[in-house]
Structures are given as structure tokens and as C-alpha cells.
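Take the numbering used here: the final residue in the sequence shown is number 526, and no numbers are missing along the way.
Worksheet for the structure shown next.
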Amino acid sequence: MPVHVTDCLTVLRRQKDACLVHALREEALDQLPTLVGPAGAAFVLAAGFKASPGQFVLVPDAKGKPVALFGLAPQGVRDPYQFGALARRLPAGNWQVKTPADTARQDVVLGFCLGAYTFALKSGAGVGQPDAPRLVVTETEKKSRAVETAISLWLARDLINMPANLLGPSELAHAAREALTPFGAEVTVIKGKALDKAYPLLAHVGNGSERGPRVVVARWRSSKASKKAPVISLVGKGVCFDSGGYDIKPSGGMLRMKKDMGGAASVLALARLIMAQNLPVQLELRLGCVENSVSGHAMRPLDVVTSRAGLTVEIGNTDAEGRLVLCDLLAEAGESNPDLLLDMATLTGAARVALGPDLPALFCNDNTLAQTLIEVSEAEADPLWRLPLWQGYAGWLRSPVADLNNISSRPMAGAVTAGLFLERFVKAGQQWAHIDTYGWNDSSRPGKPEGGDSPGVRAIFATLEKLFGSQNGAVS
Numbered sequence: 051m052p053v054h055v056t057d058c059l060t061v062l063r064r065q066k067d068a069c070l071v072h073a074l075r076e077e078a079l080d081q082l083p084t085l086v087g088p089a090g091a092a093f094v095l096a097a098g099f100k101a102s103p104g105q106f107v108l109v110p111d112a113k114g115k116p117v118a119l120f121g122l123a124p125q126g127v128r129d130p131y132q133f134g135a136l137a138r139r140l141p142a143g144n145w146q147v148k149t150p151a152d153t154a155r156q157d158v159v160l161g162f163c164l165g166a167y168t169f170a171l172k173s174g175a176g177v178g179q180p181d182a183p184r185l186v187v188t189e190t191e192k193k194s195r196a197v198e199t200a201i202s203l204w205l206a207r208d209l210i211n212m213p214a215n216l217l218g219p220s221e222l223a224h225a226a227r228e229a230l231t232p233f234g235a236e237v238t239v240i241k242g243k244a245l246d247k248a249y250p251l252l253a254h255v256g257n258g259s260e261r262g263p264r265v266v267v268a269r270w271r272s273s274k275a276s277k278k279a280p281v282i283s284l285v286g287k288g289v290c291f292d293s294g295g296y297d298i299k300p301s302g303g304m305l306r307m308k309k310d311m312g313g314a315a316s317v318l319a320l321a322r323l324i325m326a327q328n329l330p331v332q333l334e335l336r337l338g339c340v341e342n343s344v345s346g347h348a349m350r351p352l353d354v355v356t357s358r359a360g361l362t363v364e365i366g367n368t369d370a371e372g373r374l375v376l377c378d379l380l381a382e383a384g385e386s387n388p389d390l391l392l393d394m395a396t397l398t399g400a401a402r403v404a405l406g407p408d409l410p411a412l413f414c415n416d417n418t419l420a421q422t423l424i425e426v427s428e429a430e431a432d433p434l435w436r437l438p439l440w441q442g443y444a445g446w447l448r449s450p451v452a453d454l455n456n457i458s459s460r461p462m463a464g465a466v467t468a469g470l471f472l473e474r475f476v477k478a479g480q481q482w483a484h485i486d487t488y489g490w491n492d493s494s495r496p497g498k499p500e501g502g503d504s505p506g507v508r509a510i511f512a513t514l515e516k517l518f519g520s521q522n523g524a525v526s
């Protein structure tokens, strides 16, 4: 099975050596005799092939060579993930996918690569396995944006899927360094006593674990960008395992908590993609890498801690730790006055209750930015859904002894109040977006294998490209 994105791709000198996949819609069924011959057409029609979305059938051509037929989504519906089904259903071999003219080639490549993703830690995994199908691409396509996107998303999936005993704060920080330094990023990892002063709330969360917390700070400037180029600041929640702390989760609630660093994995993937595509910006990345554990050093309910921003926070619930990890990082990020500040986090179950697993919740303090993110997410088939920063609920975060509580006093609108908590640490006038994501596929679908995932990354990158890709401030 493929262990790297490029393992599922191949470049052939002679295209005719490839087997063919004809991707078509119902209105093109009359082309079947031309595509697979009269006998093949009669066979697949008799077998019930109607070119409905996702329908798949194999038939031999006149020389006995396999030909695949694949039903596409309706015209006008963009769905790159549908091509992920081919990576699972095609037999071993080199396959050239033929599509209608209105289907973007990058969607074929991206979808196939995402569908080919696997994660396994079994002994001998990848050894002695039958060859997987390979998509025939050109040399240019092998280095394309679609492939770089897949590489970035595979990175995020690998990190989210990794068991917590193998991926603690130190390992997550190391993975970030390994991913970004090849692009010339300056990566600093902060740990130990230095965290207590610079990131007091984050340290208060992470000091409960024997595996001490880390903060990753990465900086990069595009070769196309001057020192006046826009500054993008990304922040990610990297809770490598969340027990809930003293407000401990039930056992069933911990089963997927290795994925609680999904926000950090997602912004790391986004940062890598920005660098790989050399978007003409200056980039800052901050990851808060911690483990929320129970110990004699762990934070306690009703502790009060002074944050980096100077606000005092009462710990109303130790299982609302993600916002504590983020708020110091948001405060620091705002000190450099970036043109855009964006964070991603697996922050609340309330967002999932409201929107389910497929729709990351978007909170944004700028209507124009929010509208652009939503419109681009729809165009990219990578949807985001906006929820309000409803100021009427801000009073629910009051504390009798501190500036605010980390948990709402009301059992409603938990995603909204979490966003409002974070907003208190964003400088006035700072353009900011917060993405509350699930970071997981509960079951396998085309292009979306069960396990870790990073929805929203493609949409955010495309938005950044739209807003900042014109090279304003570029080197002349």
C-alpha cells in the first residue's frame, strides 16, 4: 500500500500502456459502444450500469485489457472526493482517468491521492502487500498544487491518527520542525520554565503531564514577498491527549482524544501548503502542544491564573482546556499586528451537536472575511458554516473572583461561548477567524478514509490565495 502520496502516482512514457477509466454521467451512456465496444456496452448495461454517482464496473476490452467505467456526480456539482473511490476499487495497475471537459484535472489527482491514504502500525505493514492502483499523471501534475495539497493533508491525517503514546507534545513539535524547515522556515520550540511566564495558561494545562508542554513558533517569508508583504498568523490547538483533567471524561469520551491535536495538525498542513505553493506572504505559526492529564501537578477546578494578556481566568472546568491553550497564543500573535489571525481547534462538542462531523464551525469578527471564506469553501467543496459571536452570551463567562471563567454558566451555545472566550484575547481591530473542527471521519467515504482529517484547510488556503495571492508587497 502507498506510504507516500507519490507512491500512488506514476508517469508513463507511453500513455497507451495504461488501463483506462472512463468517468461519465448518465447522459453519456450512448457513448458506451465507442468506449468499450458493442459487446462490452451490452454487458455493462445488462449488469445495471447507469453511470449514477459512484457506480463502478470493470469490463475487458477486445484484447482482454481491463477498462473501468465510473459514474460521476451531476454536472455542475464539484466533488473531488468522488475520485477517491477509484483508489480503493481499481485493481493493481497503471490507470489513466478520462473525464468530461467540465471536470477539473486537479480534482481527479487530488481525490485519487486522498482516497489512497492509509494508516497502519501493524507489523510488516506495507511489506508483501499487493500493489495498489496508480494514477497516470504528467511530470508537471506530479509536482502540482493538487499533489502538494494531498501531501499536506496526509501529514495532518498521520499526526491525528498517531496514538498518543507515540505522539506527545515533544513529538508533535518535532513533526512541525521536520515539516517546515525544508521550506526555509525558522522554527523555535519553547519548553520548560520559559513557558510559565510567556504562556501561563497553556503551561498550567500542560504541567499536569510528565510529558511537558511545548510551544512551536515558526516564521517564514515567501521568496516572492518583501518585508511589507501581508502577515498571516496561524494558531493551532495541539492537545495530544485529553483526559479531561480532574473534570475527567467518561471512558467512552476518551476513545478519540488522541485527535484533540487536530487543530494543530490542520494549521501545520495549511502552513506547509502555503510554503509549498510559495504564497507571497509572511507567515507566522504557533502551535500549543500539551497533554491534559490528572496528577498532583494538574490544574484544579477553581484555580485562577493570570494570562499573557493580563486577564485573570478562573478554571470552571478542567475539560475546557483547549481555549486555555489557545488564548495565550492568540494574545502573542496579536502583538505583531498581523493582517489576518486565524486559529483552528477541536474545541467543542457543542459545534458537533449543532453541525455534525462534516461542517467546521466558523466564527469571525469581520463580515467581509467571513463571507469570502464561506463563498470560497462552497466553491472548493470544502464547506465551512458560520456561527455567531453573539455578544448577548458574553455575560455567561463571568466569574465572581476573576476577569472571566473558562466555562459558561449556562448549558447552551457552548461553541458560541467558547468563541467569545477566545475573542477576549484578540486585540481590538484585529481581523480574526476561529475554526471549531471535528478533525475525524467516523466512517470511510470516497476520499475520506475513517480516521483523522482536516476539513477546511483547502478552503482556507484558497481564501488566502484569493486575498493575498496578487503579490502586493512582492519583491520586484
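Glycine included, each C-beta is placed from N, C-alpha and C at the ideal position.
(message) I want to know whether the segment 191-199 touches the segment 155-168 - three or more CB-CB distances under 8 angstroms.
(response) With a cut-off of 8 angstroms, the segment 155-168 and the segment 191-199 count as touching, because enough Cβ pairs lie within range.
(request) Rank L164, R63, T513 by C-alpha distance to the C-alpha of A135 and give the top, closest one. (result) L164
(message) So, at 6 angstroms on beta carbons, what are the nonlocal neighbours of S259 in its own chain, with the 5 sequence-adjacent residues on each side left out?
(response) E341, S343
(request) Compute the Euclidean distance between the alpha carbons of V448 and V363, then round it to the nearest angstrom. (result) One detail in the question is off: residue 448 reads as Arg in this sequence, not Val. Our two residues, R448 and V363, have alpha carbons roughly 10 angstroms apart in a direct line.
(message) Here's the rule I'm using: 16 or more other beta-carbon atoms within 10 Å means buried, otherwise exposed. How should N456 be labelled?
(response) buried
(message) Less than 8 angstroms between the beta carbons of I324 and D393, yes or no?
(response) no
(message) I'd like to check one pair, E334 with R227: are the Cβ atoms closer than 8 angstroms?
(response) Between R227 and E334, the CB-CB gap reaches or exceeds 8 angstroms.
(request) Pull up the distance between the alpha-carbon of L318 and that of G346, whole angstroms please. (result) 32 angstroms
(request) State yes or no: is the C-beta of G242 within less than 8 angstroms of the C-beta of G256? (result) no
(request) Counting only the same chain and skipping the five closest in sequence on each side, list residues whose C-beta sits under 7 angstroms from that of R373. (result) Excluding its 5 nearest sequence neighbours in each direction, R373 has C-beta neighbours in its own chain below 7 angstroms: L397, N456, A468, F471, L472, listed in chain order.
(request) Tell me the start and end of each unbroken alpha helix (DSSP H) in the segment 248-318 that is at least 4 residues and wholly inside, in chain order. (result) 250-256, 301-304
(message) Going by the DSSP bridge assignment, what does M394 pair with across the sheet?
(response) G286, I485
(request) Measure the alpha-carbon distance for N367 versus D297 and round it to whole angstroms. (result) 6 angstroms
(message) Would D378 and P250 qualify as a contact pair, given that the criterion is a beta-carbon distance under 8 angstroms?
(response) yes
(request) Would you kindly work out how many angstroms separate the C-alpha atoms of A223 and C339, rounded to a whole number? (result) Counting only the Cα atoms, C339 lies some 7 angstroms from A223.
(request) Mind checking which residues open and close the beta strand (DSSP E) that includes N144? (result) 143-148
(request) Count the other C-beta atoms from every protein chain shown that fall within 10 angstroms of the C-beta of G178, then say buried if there are 16 or more, exposed otherwise. (result) For G178, the pLDDT reaches just 44, beneath the cut-off of 50, and the residue's location in the model is therefore unreliable, although a value from the coordinates is still provided. By the neighbour-count rule (16 or more Cβ atoms within 10 Å), G178 is not buried but exposed.
(request) Might you give, ordered along the chain, the residues of its own chain that have their beta carbon closer than 6 angstroms to the beta carbon of I282, omitting 5 neighbours on each side? (result) Close CB contacts of I282 within its chain, under the 6 angstroms cut and outside five residues either way in sequence, are with V331, L333, L390 (chain order).
(message) Let me confirm a value: R350 is counted as buried when at least 16 other C-beta atoms fall within 10 Å, else exposed. Which label applies?
(response) exposed
(request) Classify M212 as buried or exposed, calling it buried when 16 or more other Cβ atoms lie within 10 Å of its own Cβ. (result) buried
(request) State yes or no: is the C-beta of G87 within less than 8 angstroms of the C-beta of Q132? (result) no
(request) Note down the Cα distance separating A483 from T418, rounded to an integer number of angstroms. (result) Each residue's alpha carbon lies about 11 angstroms from the other.
(message) Let me make sure I understand the geometry here. Which of S102, K113, L74, A348 has the alpha-carbon closest to that of A89?
(response) With distances taken between Cα atoms, A89 lies closest to K113.
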